[in-house]
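Last residue of the sequence shown: number 654 in my numbering, and the count goes up by one each step with no gaps. We put the beta carbon where it would ideally sit given N, CA and C, even for glycine. Given the structure is predicted, the values throughout are model-derived calculations rather than measurements.
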Amino acid sequence: MDKLIEAKLAMLKAYETVLSRGKWVTWPDNNQYLVITPADFDLLRSPYDDLLDAGDEAEQATAEPRV
């Protein structure tokens with residue numbers, strides 16, 4: 588379970604990094620969007636994959652054995 592928490596914290600840190608690097612813009616439809624570079628988007632991939640893996644491991648650890 589600690590691995591899952593660590594993965595969630597790493598994902599949060601990645602989001603914070605991307606948010607700090609991104610730029611908010613207002614489009615003609617008056618909606619605001621966060622614009623990031625492809626490199627910033629790539630920063631989210633590894634932590635997200637680690638989060639999915641940790642979630643799967645935690646789920647398997649708590650699952651009842653099949654009979």
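Sub-8 Å separation of residue i and residue j beta-carbons
{"i": "Val605", "j": "Leu639", "result": "no"}
{"i": "Pro625", "j": "Ala601", "result": "no"}
{"i": "Leu591", "j": "Ala645", "result": "yes"}
Nearest residue (CA-CA) to residue i, options the options
{"i": "Ile623", "options": "Asp616, Ser633, Asn617 and Val612", "result": "Val612"}
{"i": "Met598", "options": "Thr649, Gly642 and Glu651", "result": "Gly642"}
Cβ-based neighbour list, residue i, same chain, cut-off 8 Å, excluding 5 preceding and 5 following
{"i": "Gly609", "result": "Leu621, Val622, Ile623 and Asp627"}
{"i": "Gln619", "result": "Trp611, Val612 and Thr613"}
{"i": "Ala594", "result": "Pro634, Asp637, Leu638, Asp640, Ala641 and Gly642"}
Helix, strand or coil at residue i [DSSP, three-state]
{"i": "Thr649", "result": "helix"}
{"i": "Thr613", "result": "strand"}
Close Cβ partners of residue i (< 6 Å) along its chain, the five nearest in sequence each way excluded
{"i": "Ala648", "result": "none"}
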